[in-house]
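Respectively, the protein sequence lines represent chains C and S. Residues 1 to 398 (full-length UniProt numbering) make up the first sequence, in order. Residues 1 to 401 (full-length UniProt numbering) make up the second sequence, in order. Accompanying notes for the structure given below.
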Amino acid sequence: MFWQVLDLPDGKVKFTPEMRFISESTTERESCYRVLDDNGKKIMSSNYAEVSREVAVKMYTDMVMLQTMDTIFYEAQRQGRISFYLTTVGEEAINIASAAALTFDDIVLPQYREPGVLIWRGFTAQEFANQCFSNKADYGKGRQMPIHYGSNKHNYITVSSPIATQLPQAVGVAYSLKMDRKDACVVTYIGEGGTSEGDFHSALNFAAVTEAPVVFICRNNGWAISTPTSDQFRSDGVVVKGRAYGIRSIRVDGNDALAMYSAVYAAREMAISEQRPILIEALTYRVGHHSTSDDSTKYRPVDEIERWKVERDPVTRFRKWIERNGWWSGEAEIEARNSVRKQMLHAIQETEKVEKPPVADMFTDVYDCPPSNLVEQEKRLRETIKRHPQDYPSDVPV
Amino acid sequence: MATVFGATSAAISVSSNSRKLHLPSRRSLPGRRAGFLVVRSDAGANPNAGPRRAGQLITNAVATKADAAAPSAPSKPGHELLLFEALREGLEEEMARDPTVCVMGEDVGHYGGSYKVTKGLADKYGDLRVLDTPIAENSFTGMGIGAAMTGLRPIIEGMNMGFLLLAFNQISNNCGMLHYTSGGQFKIPVVIRGPGGVGRQLGAEHSQRLESYFQSIPGIQMVACSTPYNAKGLMKAAIRSDNPVILFEHVLLYNLKERIPDEEYVCSLEEAEMVRPGEHVTILTYSRMRYHVMQAAKTLVNKGYDPEVIDIRSLKPFDLHTIGNSVKKTHRVLIVEECMRTGGIGASLTAAITENFHDYLDAPIVCLSSQDVPTPYAATLEEVTVVQPAQIVTAVEELCQ
Numbered sequence: 001m002f003w004q005v006l007d008l009p010d011g012k013v014k015f016t017p018e019m020r021f022i023s024e025s026t027t028e029r030e031s032c033y034r035v036l037d038d039n040g041k042k043i044m045s046s047n048y049a050e051v052s053r054e055v056a057v058k059m060y061t062d063m064v065m066l067q068t069m070d071t072i073f074y075e076a077q078r079q080g081r082i083s084f085y086l087t088t089v090g091e092e093a094i095n096i097a098s099a100a101a102l103t104f105d106d107i108v109l110p111q112y113r114e115p116g117v118l119i120w121r122g123f124t125a126q127e128f129a130n131q132c133f134s135n136k137a138d139y140g141k142g143r144q145m146p147i148h149y150g151s152n153k154h155n156y157i158t159v160s161s162p163i164a165t166q167l168p169q170a171v172g173v174a175y176s177l178k179m180d181r182k183d184a185c186v187v188t189y190i191g192e193g194g195t196s197e198g199d200f201h202s203a204l205n206f207a208a209v210t211e212a213p214v215v216f217i218c219r220n221n222g223w224a225i226s227t228p229t230s231d232q233f234r235s236d237g238v239v240v241k242g243r244a245y246g247i248r249s250i251r252v253d254g255n256d257a258l259a260m261y262s263a264v265y266a267a268r269e270m271a272i273s274e275q276r277p278i279l280i281e282a283l284t285y286r287v288g289h290h291s292t293s294d295d296s297t298k299y300r301p302v303d304e305i306e307r308w309k310v311e312r313d314p315v316t317r318f319r320k321w322i323e324r325n326g327w328w329s330g331e332a333e334i335e336a337r338n339s340v341r342k343q344m345l346h347a348i349q350e351t352e353k354v355e356k357p358p359v360a361d362m363f364t365d366v367y368d369c370p371p372s373n374l375v376e377q378e379k380r381l382r383e384t385i386k387r388h389p390q391d392y393p394s395d396v397p398v
Numbered sequence: 001m002a003t004v005f006g007a008t009s010a011a012i013s014v015s016s017n018s019r020k021l022h023l024p025s026r027r028s029l030p031g032r033r034a035g036f037l038v039v040r041s042d043a044g045a046n047p048n049a050g051p052r053r054a055g056q057l058i059t060n061a062v063a064t065k066a067d068a069a070a071p072s073a074p075s076k077p078g079h080e081l082l083l084f085e086a087l088r089e090g091l092e093e094e095m096a097r098d099p100t101v102c103v104m105g106e107d108v109g110h111y112g113g114s115y116k117v118t119k120g121l122a123d124k125y126g127d128l129r130v131l132d133t134p135i136a137e138n139s140f141t142g143m144g145i146g147a148a149m150t151g152l153r154p155i156i157e158g159m160n161m162g163f164l165l166l167a168f169n170q171i172s173n174n175c176g177m178l179h180y181t182s183g184g185q186f187k188i189p190v191v192i193r194g195p196g197g198v199g200r201q202l203g204a205e206h207s208q209r210l211e212s213y214f215q216s217i218p219g220i221q222m223v224a225c226s227t228p229y230n231a232k233g234l235m236k237a238a239i240r241s242d243n244p245v246i247l248f249e250h251v252l253l254y255n256l257k258e259r260i261p262d263e264e265y266v267c268s269l270e271e272a273e274m275v276r277p278g279e280h281v282t283i284l285t286y287s288r289m290r291y292h293v294m295q296a297a298k299t300l301v302n303k304g305y306d307p308e309v310i311d312i313r314s315l316k317p318f319d320l321h322t323i324g325n326s327v328k329k330t331h332r333v334l335i336v337e338e339c340m341r342t343g344g345i346g347a348s349l350t351a352a353i354t355e356n357f358h359d360y361l362d363a364p365i366v367c368l369s370s371q372d373v374p375t376p377y378a379a380t381l382e383e384v385t386v387v388q389p390a391q392i393v394t395a396v397e398e399l400c401q
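Right under this line is the structure:
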């Protein structure tokens, strides 16, 4: 039989007389990589990256800090001390374990539910509080709403509210690293809802075509505000989309800190040594509300939330593993929680004493130097404030 | 932005720019030239003082002949080239000078770009530095922004300006904003460029004037080139600027020929260009309309008028200094633009002049723009949507009554 194989512009393709449509789904869903079972016990045949005692304990204490920060700042918002907050409850393992598998040279482009990466890299309670309270010491100079952290010295690019815009930017950052031939990669995060955005598709496509060292971590937490995954896409989650772009992918149990650590560690190695993008889909559950502007009990059953919160908490699961190794104890637990809580409360107290950003900061950094129209606008504003001081807050320095 | 002031003859290096030329040490730099000539746009002599073609009124000013104002060129001979070659020359000089400069866009590599501005660059600098991207404007603009935040200086080419509407999210939300919202921690020195404006029967989608849509975005600068001289100068200035700059080119101006200086020069991003000094009326224009205005100016001069023609060049921010001085002299303003009437650059400029100089005006500002219609395909209809020299002549006559 001739014409069995034809040379097409993009390669050789075998022909078949059988008309067969590729099914819209495989019979079984893509399996999910896990190392620790629900009780924090290592599964016998698992292959994973070793974690030292020091790293494991830091991972755990950082998860505790994340949980504590979430509790206290959420409360602060409810008390009216900050205007907005969003928690990472249920996704602590994704945050901390992925950060732990990276080096500080790897550049991170977050979505907005990844403050744990900053915690791992040493961002202090005070620095978090400064941003949320928008005071003068905020690195963002009070220009962004709470939780929109950013710090170039921590290689963590400022959070930007629109969904998925960070994905093509991540490819650009990787392109920059490629030009420098650096031993580093880019890691960017997205929720499963964000994968519906056009930017997700073209970013993955670009990353594959430009052979960019980016690790895309998708936190599939089941809910995009009130939209469940069944209304978001009809594919088997996000992991199967990687192949459509020619990207190596893996599905991981996002609530298993060791599995997350191992997968990100391996992904990073491949991304850098092979100069290719990797897609990681971390399955998890958003235990908290989308943000302080949301009440998720309105659209999902309370017992579903409770079940994940109590039975599948990633922090508890990891704690059981480090306790079993003799690296943690009940006393250490009490100590850690008290100390972190104190730190957080102290940070808030201190931050509320710091001045708000001055009016001058409203006009700087729009450009490298203020142009004449901004100079004039600032002058007008100052005149207005001077003339009507009673209409302007007295605690904002002019 | 630092404004760069003119040098008279000797090449000097301007201190405000040399601070911005510091690059991160991880990249090795080629030897930098000692200094460069920065020329103020109105320093040159005006060659268009007298009537050229007496009695010949050409209604379709297809700008292929370089009757436009000569640049303020020093006495050296210079070399002749077309506008798209001037853009390429500027681009190439900057790529040679600074290894962080790179280009990304559709078909910019071996194809050389839809208007050949990047021709030959991929062969010289490789596929990575002159990057062919898949068709996703929002994404390659985002990619450029990400690269810029980590030390590169990308030039993002839109195959046609209209396609950059797809990139509006990245341009507005990230390009313009991230330097500000990050507290100055991340800067975005990108240049976004491409051909726009009404061409010859390119259809509505390929005949858009995006400068009016982008003008509100805080944090970006916008310039429009109109001659080979200012095209090269503005391209270089835009690349060197630490702010995101959108450089508007016009589809019909790429084959303009002009003699430009051999030695290096950079134009100022915030300055307007005095094309023809005059006394009776200030005509403000930019890009292709400059040529329609100059065509009309010849007729006007025949009729005894003395129009002052300024190519505003800097669309954001406006050079109110040059414009103001002109208004104070002539007391009458005519704005000629290709944008649509509603929300165009002309509308914005009218407001700015009225606010700042209304005491000096003897008559209300007149603004000639395209109508608020998508550009039709039929040649006769297309011609009528664009402001023609005859309308400009009429408007000046009415304004000067």
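Glycine included, each C-beta is placed from N, C-alpha and C at the ideal position.
Inset, instruction - Using a Cβ-Cβ cut-off of 8 Å, state whether residue 52 (chain S) counts as contacting chain C. - result: Here residue 52 (chain S) scores only 34 on pLDDT, less than 50, and its place in the model is too uncertain to base an answer on.
Inset, instruction - Please determine if the region 316-335 of chain S and the region 265-278 of chain S are in contact, where contact requires at least 3 C-beta pairs separated by less than 8 Å. - result: yes
Inset, instruction - Return no unless some Cβ of chain S is closer than 8 Å to the Cβ of residue 178 (chain C). - result: yes
Legend entry - Segments assigned alpha helix (DSSP H), at least 4 residues, entirely inside the region 88-175 of chain S: 121-129, 137-149
Legend entry - Secondary structure of residue 198 (chain C), DSSP reduced to three states: helix
Legend entry - Neighbour list for residue 186 (chain S) in chain C, Cβ cutoff strictly below 8 Å: 150, 152, 157, 158
Legend entry - Chain-order list of residues whose beta-carbon lies under 6 Å from that of residue 12 (chain C) (same chain, five-residue window excluded): 5
Inset, instruction - Examine chain S for any beta-carbon lying closer than 8 Å to the beta-carbon of residue 209 (chain C), and answer yes or no. - result: yes
Inset, instruction - For the alpha helix (DSSP H) holding residue 62 (chain C), just list the boundary residues, first then last. - result: 53-78
Legend entry - Closest residue to residue 399 (chain C) among S:143, S:163, S:182 (Cα-Cα distance): Outside the displayed range of chain C (1 to 398) lies residue 399 (chain C), so it cannot be described from this structure.
Inset, instruction - Measure the alpha-carbon distance for residue 171 (chain S) versus residue 300 (chain S) and round it to whole angstroms. - result: 41 Å
Inset, instruction - Please report how far the alpha carbon of residue 395 (chain S) lies from the alpha carbon of residue 169 (chain S), in whole angstroms. - result: 39 Å
Inset, instruction - For the alpha helix (DSSP H) containing residue 219 (chain C), list its first residue and its last residue. - result: Premise fails: residue 219 (chain C) lies in the beta strand (DSSP E), 214-220, not in any alpha helix (DSSP H).
Inset, instruction - Within the same chain, show all residues whose beta-carbon is closer than 6 Å to that of residue 357 (chain C), passing over the 5 residues directly before and after it, in chain order. - result: 136, 141, 142
Legend entry - Same chain, Cβ closer than 7 Å to residue 331 (chain S), neighbours up to 5 away in sequence not counted: 360, 361, 362
Legend entry - At least three beta-carbon pairs within less than 8 Å, the region 171-189 of chain C to the region 89-107 of chain C: yes
Inset, instruction - Could you tell me if residue 52 (chain C) is buried or exposed, where buried requires 16 or more neighbouring beta carbons within 10 angstroms of its beta carbon? - result: exposed
Inset, instruction - Taking only beta carbons into account, state which residues of the region 143-170 of chain S come closer than 7 Å to chain C, listed in chain order. - result: 143, 144, 145, 146, 147, 149, 150, 151, 152, 169, 170
Inset, instruction - Would you mind telling me which residues of chain C sit closer than 9 Å to residue 194 (chain S), beta carbon to beta carbon, in chain order? - result: Simply none; closest approach about 18 Å.
Inset, instruction - Can you tell me the Cβ-Cβ gap for residue 401 (chain S) and residue 368 (chain S), rounded? I've got them flagged as a contact below 8 Å. - result: That belief does not hold up - the Cβ atoms of residue 401 (chain S) and residue 368 (chain S) are roughly 17 Å apart, past 8 Å.
Legend entry - Contacts that residue 236 (chain C) makes with chain S (C-beta to C-beta distance below 7 Å): Near residue 236 (chain C) there are no residues of chain S at all, since even the closest Cβ is about 25 Å away, more than 7 Å.
Inset, instruction - Please classify residue 225 (chain C): does DSSP put it in a helix, a strand, or coil? - result: coil
Legend entry - residue 242 (chain S) versus S:210, S:303, S:148, S:309, residue with shortest Cα-Cα distance: S:148
Legend entry - 8 Å Cβ cutoff, residue 264 (chain C) in contact with chain S: no
Inset, instruction - Inspect the beta-carbon positions of residue 166 (chain S) and residue 102 (chain S) and report whether they are closer than 8 Å. - result: no
Inset, instruction - Starting from residue 303 (chain C), trace the beta strand (DSSP E) both ways and give me its first and last residue. - result: Looking at the DSSP string, residue 303 (chain C) is not in any beta strand (DSSP E); the run it does join, the alpha helix (DSSP H), is 302-311.
Inset, instruction - Quick one: measure Cβ to Cβ for residue 367 (chain C) and residue 219 (chain S), integer angstroms, because I've assumed they're closer than 8 Å. - result: 7 Å
Legend entry - Contact with chain C by residue 354 (chain S), beta-carbon distance below 8 Å: no
Legend entry - Contact list for residue 296 (chain S) against chain C, beta-carbon separation under 9 Å: Going along chain C, no residue has its Cβ under 9 Å from residue 296 (chain S), so there is no contact; the nearest lies around 30 Å.
Inset, instruction - Closer than 7 Å by beta-carbon distance: list the chain S residues that pair up with residue 136 (chain C), in chain order. - result: Simply none; closest approach about 11 Å.
Inset, instruction - Could you round the C-beta distance between residue 164 (chain S) and residue 142 (chain S) to whole angstroms and report it? I think they count as a contact, below 8 Å. - result: Wrong, their Cβ atoms sit about 12 Å apart, outside the cutoff.
Legend entry - residue 74 (chain C) classed as buried or exposed, judged by whether at least 16 other C-beta atoms fall within 10 angstroms: buried
Inset, instruction - Report yes or no: is there a C-beta of chain S within less than 8 Å of the C-beta of residue 123 (chain C)? - result: no
Legend entry - Beta-carbon spacing of residue 86 (chain C), residue 292 (chain C) below 8 Å: yes
Legend entry - Where residue 314 (chain C) sits in the DSSP three-state scheme: helix
Legend entry - Three-state class that DSSP yields for residue 240 (chain S) in the structure shown: helix
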